[in-house]
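What follows is a short report on a single structure.
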Amino acid sequence: MDISKYKTLYLQETSGHLSGVEKGLLSIEKGYDAAAVDELFRHYHSIKGMSASMGYEPLKKLAHSQENLLDGIRSKRIDLTPEIVSTLLQCLDAMRALLERVENDLPLDADISGLLEMLISAGKGEPINPRTQRQSETAPVQAKTPEKSHELKLSNVMTVEGRVFDDLLSIVGDLLGSLSTFKSLTHASRSIAFKDGVHTLGRSVDALYSNILAARMLPIKDLTEGLPRIIRDMCIASGKEIELKIEGSEISLDRSVLQSLAGPMVHIIRNSVDHGIETPDDRINNAKGPTGQIRITAYSKKDRAVIEVTDDGRGIDIERLKIEALARGASRDKIISMTGKEALMLICMPGLSTATVVTETSGRGVGMDAVKDVIEGLGGTLEISSTPGAGTKITMELPRSTAIIKALAVNVGTEVFLIPISRVEHVLEVSARLAGSGSMEYEDGQIEIRSLAAALGMDETASPARQASTVIVVRSARDERDSRLIGFAVDDFGEEIDAYIRPLLPPMSRLRGVMGITIIGEARPAFLLDMAQLTSKPTERT
Amino acid sequence: MPKRVLIVDDGIFFRRALRDILTAGGYDVIGEAENGEQAVAEAIRLRPDIIILDVVMPVKNGLEAAREISGLAMPAKIVMCTSLGYEPIVDEAVSSGASGYILKPLNESKVLGALKNLYPAETC
Numbered sequence: 000m001d002i003s004k005y006k007t008l009y010l011q012e013t014s015g016h017l018s019g020v021e022k023g024l025l026s027i028e029k030g031y032d033a034a035a036v037d038e039l040f041r042h043y044h045s046i047k048g049m050s051a052s053m054g055y056e057p058l059k060k061l062a063h064s065q066e067n068l069l070d071g072i073r074s075k076r077i078d079l080t081p082e083i084v085s086t087l088l089q090c091l092d093a094m095r096a097l098l099e100r101v102e103n104d105l106p107l108d109a110d111i112s113g114l115l116e117m118l119i120s121a122g123k124g125e126p127i128n129p130r131t132q133r134q135s136e137t138a139p140v141q142a143k144t145p146e147k148s149h150e151l152k153l154s155n156v157m158t159v160e161g162r163v164f165d166d167l168l169s170i171v172g173d174l175l176g177s178l179s180t181f182k183s184l185t186h187a188s189r190s191i192a193f194k195d196g197v198h199t200l201g202r203s204v205d206a207l208y209s210n211i212l213a214a215r216m217l218p219i220k221d222l223t224e225g226l227p228r229i230i231r232d233m234c235i236a237s238g239k240e241i242e243l244k245i246e247g248s249e250i251s252l253d254r255s256v257l258q259s260l261a262g263p264m265v266h267i268i269r270n271s272v273d274h275g276i277e278t279p280d281d282r283i284n285n286a287k288g289p290t291g292q293i294r295i296t297a298y299s300k301k302d303r304a305v306i307e308v309t310d311d312g313r314g315i316d317i318e319r320l321k322i323e324a325l326a327r328g329a330s331r332d333k334i335i336s337m338t339g340k341e342a343l344m345l346i347c348m349p350g351l352s353t354a355t356v357v358t359e360t361s362g363r364g365v366g367m368d369a370v371k372d373v374i375e376g377l378g379g380t381l382e383i384s385s386t387p388g389a390g391t392k393i394t395m396e397l398p399r400s401t402a403i404i405k406a407l408a409v410n411v412g413t414e415v416f417l418i419p420i421s422r423v424e425h426v427l428e429v430s431a432r433l434a435g436s437g438s439m440e441y442e443d444g445q446i447e448i449r450s451l452a453a454a455l456g457m458d459e460t461a462s463p464a465r466q467a468s469t470v471i472v473v474r475s476a477r478d479e480r481d482s483r484l485i486g487f488a489v490d491d492f493g494e495e496i497d498a499y500i501r502p503l504l505p506p507m508s509r510l511r512g513v514m515g516i517t518i519i520g521e522a523r524p525a526f527l528l529d530m531a532q533l534t535s536k537p538t539e540r541t
Numbered sequence: 000m001p002k003r004v005l006i007v008d009d010g011i012f013f014r015r016a017l018r019d020i021l022t023a024g025g026y027d028v029i030g031e032a033e034n035g036e037q038a039v040a041e042a043i044r045l046r047p048d049i050i051i052l053d054v055v056m057p058v059k060n061g062l063e064a065a066r067e068i069s070g071l072a073m074p075a076k077i078v079m080c081t082s083l084g085y086e087p088i089v090d091e092a093v094s095s096g097a098s099g100y101i102l103k104p105l106n107e108s109k110v111l112g113a114l115k116n117l118y119p120a121e122t123c
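Chains as they are written, first to last, in numbering that gives the first Met the number 0: chain Y, 0 to 541; chain F, 0 to 123.
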C-alpha cells in the first residue's frame, strides 16, 4: 500500500486533533472535566493510530504515552495536577514541531526520550523530575527549525478558483484525444520504443486525470449548507414549521455535478415546502406533529451517489395526477395501464408543471420536468415514490463525476455518434435486410431494432446503400431488472474511446437523444447519445 | 457478488485507507459511519455483509455498537478494528458479537486477511 498518498489527510486530521488537544488541555487546566478528559484521550488515540500507520514513530510514541497518561487520569488512577497539564502542553508543542517536519518532508530525528520519561513518571503518579524537565526535548525539536517561529509561512492549503480545475480537465480531455491518435498509430508501428512510450504516456495521462478528478470533488455539504436559510425564509412566508435533517453530507461529487444539482435541489425543497408539508393545523388534524420533516440522505452506491429527499407531507394524489395528465392530452390507454410508479412520473410532464395545476392537485409539479432533464442530462436517474397522507420521496442517483466517459463510436452516414459503453450489451454484424426488418432474434427472444438515424430524426437516405449493417444492442436502463434490450442499426462502428464530454448549452440542450458533445480526431464534434431517451417509446415524451 | 462492507471509524484517514484497501481487494464499500450510533443506523439501513468497527469513537464506542448490532439478529459479520495496546479488548469484542479483528496500524494483508477469515469456505 502506498501510504504516502494519505499524507495530506494525515496532516489535516492530525492538526485538527492537535487543536482539539490544545483546547482540551486549556479546559482541564481550569479544573477536572470528565468529558474533556475523554475527548483528549480520543484525540491522542487517533493521532497514535494514524502516526503508527504512517510510520511516524516519534509521533506515535508521544501520542501513545500521553494516551496512557490520560487513560490513567480518566480511570482516576492518577490525579490531574497542573504539572501534568504543563507537561502535556510541552508534548503538544513537540508534536506540532514534529508535524511540521512531516509536512516539510524533514527527518523525524528529534530526541523525544526526555518527554517520554516525563510522561512515564507522571503515569506512575511520581513527581515529574524537574531535571528531566529542564532537558525537555521540546527544545531540540524546535532547535532544528529555529527560524520557523519568526517566519512568514504560506499555508499548504490553497484556495483555487473552481474554473482552474474545469480548464485542467478540459486540457486532459484534449490530451486523451491526442493519446487515442497515438494509440491507433501503435498498431501499425514496429517500434517497441514508440509502443512503450505511448503506454507510459497513457499511464501518466490516466494518473493526471484521476488526480484532477479527485481535486474536483466537493462534499454535498457545500450544496446543502444554504438550505436551512432557504427553508427558514419559506417557512416564515407560509406559516409552516419544518425541520431539515441532512445525512451523508460528506459524500462528495464532482463540482460540475454538484453545481448542476443546485437548481433541482431548490426546486425539490420548494415543492416540499409549498405543496408537500401541511400547515401546523392541518398536520395536527391528520394526527401528525405540527413540525414537518424534510430529510436529505446521501450515500454512495459503487461509483454513483444517491441523494434522497424525503418529506412527511401530504404526498401526491395519483388519481388526480392522472386526470390532469388526461386533460393535458396524454393517451387514455397508456394512463390506464400505468403502474403507480410510472404514474408518479407524470409529474415531470411539462404540461403539468404550472403552479395552478399543481396547487389544485396538491402535488409537486413546479419545474419537475426541468429537474428530470437536469438529472438525466448528468447521466443520472430520478425516481419518485409517494404515499398519500404520509409523504413523498425523491431519489436521485447520479454519477459522482461525469466529465470523461468510455464510449463506443458509431457511424451513421457521415456522422459519428458516441454511445456510453456502460449501455452497450453487444455489437453485431447483420445483413442490411435484417437490420431493416424491425426486429431480430437475440439470445432467447425477439428484440426490437430501430434505425439510429430515424431515432435521431436524420434523413435516412443519406446513408450509403450497404450489404451489411451493424446492430448495437443496448439496455434501456442501467438497472438490469426493469430494462429491456433494443437494437440500434447503424452503418458501422469504430473504437472505444475516452471522451471528455462538454455539456450542451441551450438551445442545443433541448435536442432529443443527445446529452453532451466532444471533439474526436481531426477536430470533429461528436454527440454523446442519451440512451435513456432514445430507448424510451417515441411517444413517451411530448 | 462482492461482499458489501460498512466502514466505521471516527477518522477520515482510516476510512479512506480502509476504503482503498477493500475496494482494491474486490469488496464493495457501501457506506461509512463515524461513530457507533451512526454505525447502528447505517447497519440497519444498508444491511451490509461485513461491518468494520473501530473501538474508540465518540458518541457511542465500537463495543457498544457491536453489542447493539449483534442484538439485531442481522447477518452482518463484525470485524473490530483497534490499535496496539488494546489486545485485551479483542476478547470483549468477541463476546460482544465480533467475528474477527484487525490491529492498527493497517496494511493490506492484515485487513484482507481478517476479512477472508470470515468466510473460510469461500474463495473470494
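We treat Cβ as the ideally placed atom computed from N, Cα and C, and that holds for glycine. If you're wondering where the values come from, they're calculated on a predicted model, not measured in any experiment.
- Message: Here's a check: name, in chain order, each residue in its chain whose Cβ is nearer than 6 Å to the Cβ of Y/L381, leaving out the five neighbours to either side.
- Response: Working through the first sequence from its first residue, we reach residue 381 of chain Y at position 382. Contacts found: K371, I374 and M395.
- Task: Taking only beta carbons into account, state which residues of the region 181-200 of chain Y come closer than 7 Å to chain F, listed in chain order.
- Result: Taking 7 Å as the Cβ-Cβ cut-off against chain F, none of the residues of the region 181-200 of chain Y qualify.
- Query: For Y/E102 versus Y/L17, is the C-beta distance shorter than 8 Å?
  - Reply: For the purposes of this step, residue 102 of chain Y is identified with residue 103 of the first sequence, where counting begins at 1. For the purposes of this step, residue 17 of chain Y is identified with residue 18 of the first sequence, where counting begins at 1. Taking 8 Å as the Cβ cut-off, Y/E102 and Y/L17 do not qualify as a contacting pair.
- Based on Cα-Cα distance, which residue from F/K2, F/N34 and F/G96 lies nearest to F/K59? Residue mapping note: residue 59 of chain F aligns to position 60 of the second sequence, counting from 1. Among F/K2, F/N34 and F/G96, the Cα nearest to that of F/K59 belongs to F/N34.
- Message: At the level of alpha carbons, what is the spacing between Y/T180 and Y/D497?
- Response: Counting from one through the first sequence, the residue named residue 180 of chain Y turns up at place 181. Counting from one through the first sequence, the residue named residue 497 of chain Y turns up at place 498. Using only the alpha carbons, I get a separation of about 12 Å.
- Task: Put Y/E440 into one of helix, strand or coil per three-state DSSP.
- Result: Translated into positions along the first sequence, residue 440 of chain Y becomes position 441. Reduced to three states, the DSSP call for Y/E440 is strand.
- Taking F/I11 as the query, report the chain Y residues whose CB atoms sit under 9 Å from its CB, ordered along the chain. The residue given as residue 11 of chain F occupies position 12 in the second sequence. Simply L8, Q11, E12 and E249.
- Query: Are the C-beta of Y/K392 and some C-beta of chain F separated by less than 8 Å?
  - Reply: As a first step, residue 392 of chain Y must be located in the first sequence, where it is residue number 393. Cβ-Cβ to chain F under 8 Å: no for Y/K392.
- Using beta-carbon positions only, say whether Y/L174 and Y/V197 come within less than 8 Å of one another. Numbered from 1 along the first sequence, position 175 holds the residue referred to as residue 174 of chain Y. Numbered from 1 along the first sequence, position 198 holds the residue referred to as residue 197 of chain Y. No, Cβ-Cβ distance for Y/L174 and Y/V197 is not below 8 Å.
- Item | Closest by C-alpha distance to Y/T296, when choosing among Y/E249, Y/E56 and Y/E277 | Here residue 296 of chain Y refers to the residue found at position 297 of the first sequence. The shortest C-alpha separation from Y/T296 is found at Y/E249.
- Task: Give a yes or no on whether the C-beta atoms belonging to F/A16 and F/L105 are separated by under 8 Å.
- Result: Your numbering for residue 16 of chain F matches position 17 in the second sequence. Your numbering for residue 105 of chain F matches position 106 in the second sequence. Their beta carbons are under 8 Å apart, which means F/A16 touches F/L105 by this criterion.
- Query: What distance in whole Å lies between the Cβ atoms of Y/A488 and Y/S438, which are believed to be in contact at a cut-off of 8 Å?
  - Reply: Position 439 of the first sequence, counted from the start, is the residue given in the question as residue 438 of chain Y. Position 489 of the first sequence, counted from the start, is the residue given in the question as residue 488 of chain Y. So it is not a contact: roughly 11 Å between Cβ atoms.
- Task: Please confirm whether F/I50 and F/G96 have their CB atoms less than 8 Å apart.
- Result: Sequence index remark: in the second sequence, residue 50 of chain F carries index 51 (1-based). Sequence index remark: in the second sequence, residue 96 of chain F carries index 97 (1-based). Cβ atoms of F/I50 and F/G96: not closer than 8 Å.
- Item | Y/A452 versus Y/Y441, Y/Q445, Y/E442 and Y/V470, residue with shortest Cα-Cα distance | Residue 452 of chain Y sits at position 453 when you count from the first residue of the first sequence. Answer by Cα proximity: Y/V470.
- Query: If you pair each beta-carbon of the region 305-315 of chain Y with each one of the region 281-292 of chain Y, do three or more pairs fall below 8 Å?
  - Reply: Segments in contact, yes.
- Task: Under the assumption that Y/I27 contacts Y/A34 (Cβ atoms under 8 Å), give the Cβ distance between them as a whole number of angstroms.
- Result: For the purposes of this step, residue 27 of chain Y is taken as residue 28 along the first sequence, with counting starting at 1. For the purposes of this step, residue 34 of chain Y is taken as residue 35 along the first sequence, with counting starting at 1. Not a contact, Cβ separation roughly 10 Å.
- Would you say Y/G23 faces chain B, with C-beta separation under 8 Å as the test? Protein chains in the displayed structure are Y and F, and chain B is not among them.
- So the alpha helix (DSSP H) Y/P57 belongs to, where does it begin and stop? For the purposes of this step, residue 57 of chain Y is identified with residue 58 of the first sequence, where counting begins at 1. Segment E56 to R73, the alpha helix (DSSP H) holding Y/P57.
- Which bits of chain Y does F/L105 rub up against, with CB to CB less than 7 Å? For the purposes of this step, residue 105 of chain F is taken as the residue at position 106 of the second sequence. At a beta-carbon threshold of 7 Å, the residues of chain Y lying near F/L105 are S52, ordered along the chain.
- Message: Does the contact criterion of 3 or more C-beta pairs under 8 Å hold for the region 49-57 of chain Y versus the region 75-87 of chain Y?
- Response: no
- C-beta atoms of Y/Y298 and Y/G247 nearer than 8 Å: The sequence position of residue 298 of chain Y within the first sequence is 299, counting from 1. The sequence position of residue 247 of chain Y within the first sequence is 248, counting from 1. For the 8 Å CB-CB criterion, Y/Y298 and Y/G247 form a contact.
- Message: Let me check you understand the geometry: is the CB of Y/L118 closer than 7 Å to at least one non-hydrogen atom of the ligand ADP?
- Response: Among the components modelled here there is no ligand, and therefore nothing to report on the ligand ADP.
- Kindly list the residues whose CB is nearer than 7 Å to the CB of F/A92, restricted to its own chain and excluding five residues on each side of it in sequence; keep chain order. The residue given as residue 92 of chain F occupies position 93 in the second sequence. Correct list, in chain order: L62, A65, M79 and Y100.
- Message: With a threshold of 8 Å between beta-carbons, can Y/R41 be considered close to chain F, or not?
- Response: Position 42 of the first sequence, counted from the start, is the residue given in the question as residue 41 of chain Y. Closer than 8 Å to some Cβ of chain F, the Cβ of Y/R41 qualifies, so yes.
- Please list the residues of the region 14-36 of chain F that have a C-beta atom closer than 9 Å to any C-beta atom in chain Y, keeping them in chain order. R15, A16, D19, I20, A23, D27, V28, I29, G30, E31 and E33
- Tell me which same chain residues have a C-beta within less than 8 Å of the C-beta of Y/I127, skipping the five on either side of it? Taking the first residue of the first sequence as position 1, residue 127 of chain Y is located at position 128. Cβ contact annotation for Y/I127 (same chain, cutoff 8 Å, sequence separation greater than five): E82, I83, T86, M117, S120 and A121, in chain order.
- Task: Name, please, each residue of chain F whose Cβ falls closer than 7 Å to the Cβ of Y/H44.
- Result: As a first step, residue 44 of chain Y is located in the first sequence; it is residue number 45 there, counting from the start. The contacting residues are V55 and S82.
- Query: Between Y/T391 and the rest of its own chain, which residues show a CB-CB distance below 8 Å, the 5 nearest in sequence each way excluded?
  - Reply: Sequence index remark: in the first sequence, residue 391 of chain Y carries index 392 (1-based). Around Y/T391: S271, G275, T309, D310, G312, G314, I315, R363, I383, S384 and S385.
- Task: Would you check if the distance between the CB atom of Y/V472 and the CB atom of Y/L455 is smaller than 8 Å?
- Result: As a position in the first sequence, residue 472 of chain Y is number 473, starting the count at 1. As a position in the first sequence, residue 455 of chain Y is number 456, starting the count at 1. Cβ distance not < 8 Å, so Y/V472 and Y/L455 don't count as in contact.
- Nearest chain F C-beta to Y/K47 closer than 8 Å, yes or no? Locating residue 47 of chain Y in the first sequence gives position 48, counting from the first residue. For Y/K47, a Cβ of chain F is located within less than 8 Å of the residue's own Cβ.
- Message: Check whether chain F comes within 8 Å of Y/K300, counting only Cβ atoms and requiring the distance to be less than that.
- Response: Your numbering for residue 300 of chain Y matches position 301 in the first sequence. By this cut-off, Y/K300 is an interface position.
- For the region 364-433 of chain Y, which segments carrying the alpha helix (DSSP H) assignment without a break, of at least 4 residues, lie completely within its bounds, in sequence order? 367-376
- Query: Terminal residues of the continuous beta strand (DSSP E) containing Y/I335?
  - Reply: In the first sequence, the residue the question calls residue 335 of chain Y occupies position 336. Element bounds for Y/I335: not the beta strand (DSSP E) but the alpha helix (DSSP H), R331 to I335.
- Message: As a quick exercise: from Y/F164, Y/S188 and Y/T199, pick the residue whose alpha carbon is nearest that of Y/L178.
- Response: Within the first sequence, numbered from 1, the residue matching residue 178 of chain Y stands at position 179. Considering only alpha carbons, the answer is Y/T199.
- Message: Going residue by residue through the region 256-296 of chain Y, where are the continuous alpha helix (DSSP H) segments of at least 4 residues, counting only ones entirely within it?
- Response: 279-284
- Where the beta strand (DSSP E) through Y/I322 begins and ends: Counting from one through the first sequence, the residue named residue 322 of chain Y turns up at place 323. Y/I322 -> not in any beta strand (DSSP E); alpha helix (DSSP H) instead, spanning I317 to A326.
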